[in-house]
Amino acid sequence: MPSPERNPVWFGINIDPGVGGVPLALELVSLSIHPLTFFLQLDWPGTTYSRFLDAVAAIEDEMRRIMYEKRITGGDGGDVLSMLMQARDEDDGSMLGERDLLGHAELLFIAGHETSSNALAFTLLLLSQHPQICADLVDELRATLKGAAPSVEQLRQLPLLDRVVKESMRVLPPVVWNSRIAVAEDELGGQRILPATEILLSIYHTHHMAEIYEHPERFDPARWEQHEYGIFEYNPFSGGPRMCIGASFATLEIKLVLATLLQRYRFELIPGATVNRFVAATMSLRPGLPMRVFPQDRQFQRGVGGLRGNLREMVELP
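Numbering-wise, the numbering used here comes out as the position in the sequence shown, counting from 1, plus 48.
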């Protein structure tokens with residue numbers, strides 16, 4: 049049996065699902081998006097929130113061990129954690145302390161995988177139901193990449209891929225809501241906001257406002273050719289100083305995977321499939337996304353139409 053590979057996205061740790069920090073990370077991801085983790089924060093034995101805190105402590109211990117090993121060996125694994133450990137402030141040359149390293153690493157563990165995989169699933173679904181857009185995208189990818197995986201520089205030469213990813217995350221954002229805590233008294237929509245008040249913001253509803261987007265339920269990457277929307281009009285990663293630290297990384301990851309897969313394979317929705325949305329801290333598909341995978345034969349019209357489920361309430365589909 050081949051030995052498990054080390055993955056730079058997973059901080060260079062073993063990606064065998066039964067080894068090391070991976071089971072801890074998967075448990076933490078699952079608990080972090082559980083509604084009771086957010087809305088019933090009682091640190092009592094057996095509660096979801098208590099299990100979440102235990103998982104956080106366990107993953108922090110595991111990451112401390114990984115950081116200790118990296119410092120002892122002095123090696124650069126070429127992974128995200130190594131880069132964070134070596135990063136220096138441009139002004140004073142200071143480096144991140146352990147608390148900051150753990151905070152950034154936990155965020156990437158929790159928010160950097162389930163959300164990206166959901167964004168990929170949404171995009172593959174939307175492309176499977178919009179055959180002309182998919183055909184045009186495959187043409188662009190093959191003309192520029194000629195079957196190879198893209199470099200970062202080549203990704204900048206793929207404008208339709210950029211528009212497709214933006215439009216997918218607009219119409220079906222993997223994170224549908226966010227929150228902010230007021231630092232001072234204010235008024236919002238006629239409602240008095242006191243300091244320390246937590247305000248929930250709907251990314252999904254912002255992305256579907258007819259005042260901002262014409263035909264907001266329509267998957268239309270071409271809308272990005274004529275207009276660039278402001279950070280608080282289009283904000284799948286939030287905005288401002290608390291914007292998601294992994295925004296650029298996640299976008300790069302999604303584009304890289306799509307560019308590689310679509311040149312090689314065609315994804316066809318199984319006829320009559322039922323796909324429902326499931327919304328907690330993030331939005332995913334239940335019971336999953338049933339698709340058949342074929343070598344890229346350009347039969348893009350196959351599998352179009354017939355989708356069932358409440359996802360149709362969010363996006364126009366044939």
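All C-beta atoms in this analysis are idealised placements derived from N, C-alpha and C, irrespective of residue type, glycine included.
Taking its Cβ as the centre, do 16 or more other Cβ atoms sit within 10 Å of residue i, making it buried, or is it exposed?
i	result
M49	Caution is warranted here: a pLDDT of 40 is assigned to M49, below 50, making its placement in the model unreliable, and no coordinate value can be reported.
I372	Outside the modelled stretch of the chain, which goes from 49 to 366, sits residue 372, for which no answer is possible.
P335	exposed
D139	exposed
P198	buried
L189	buried
S51	Only weak support exists for where S51 lies, its pLDDT of 43 falling under 50; the coordinates are left without a value.
L185	buried
Y261	buried
E162	buried
Do residue i and residue j have their C-beta atoms within less than 8 angstroms of each other?
i	j	result
A244	A230	yes
V104	L129	no
A329	I81	yes
N226	S286	yes
G294	L156	yes
P284	V223	yes
A298	S78	no
P370	V352	A query on residue 370 cannot be resolved here, the shown segment of the chain reaching from 49 to 366 and no further.
H255	Y282	yes
Rank the options by C-alpha distance to the C-alpha of residue i and give the top, closest one.
i	options	result
R113	W92, L150, T95	L150
M111	L90, E154, L355, T96	E154
P71	P93, Q89, A106	A106
A167	P221, F86, Y97	P221
Y97	N283, E108, L84	L84
L300	T192, P335, L206	L206
F342	Q180, S176, P269, V363	S176
A191	S332, Q311, I241, E316	Q311
G354	E316, I302, T254	E316
L209	R340, K118, C182, E233	C182
M263	V219, L90, I302, A298	In the sequence on display, residue 263 carries His and not Met. Selected option, being the one with the closest Cα: V219.
E146	M131, E162, M115, D127	M115
Would you mind giving the Cβ-Cβ distance between residue i and residue j, rounded to the nearest angstrom? I have them listed as a contact below 8 angstroms.
i	j	result
E364	R266	5 angstroms
L249	R228	7 angstroms
E215	P269	4 angstroms
D414	L101	With the chain covering 49 to 366 only, the question about residue 414 has no answer from this structure.
M331	R340	Not quite, the Cβ-Cβ distance comes to about 24 angstroms (not below 8 angstroms), so this is no contact.
Give a yes or no on contact between the stretch 342 to 354 and the stretch 231 to 238, applying the rule of three or more CB pairs nearer than 8 angstroms. Contact between the stretch 342 to 354 and the stretch 231 to 238 is absent, because fewer than three Cβ pairs lie under 8 angstroms.
Hey, is the stretch 313 to 325 in contact with the stretch 288 to 298, meaning 3+ C-beta pairs nearer than 8 angstroms? no
Would you be able to state if there are at least three C-beta pairs under 8 angstroms between the stretch 298 to 318 and the stretch 168 to 183? yes
Assess contact between the stretch 266 to 275 and the stretch 129 to 145, defined as three or more Cβ pairs (one per stretch) separated by less than 8 angstroms. Is contact present? Counting Cβ pairs under 8 angstroms, fewer than three are found: no touch.
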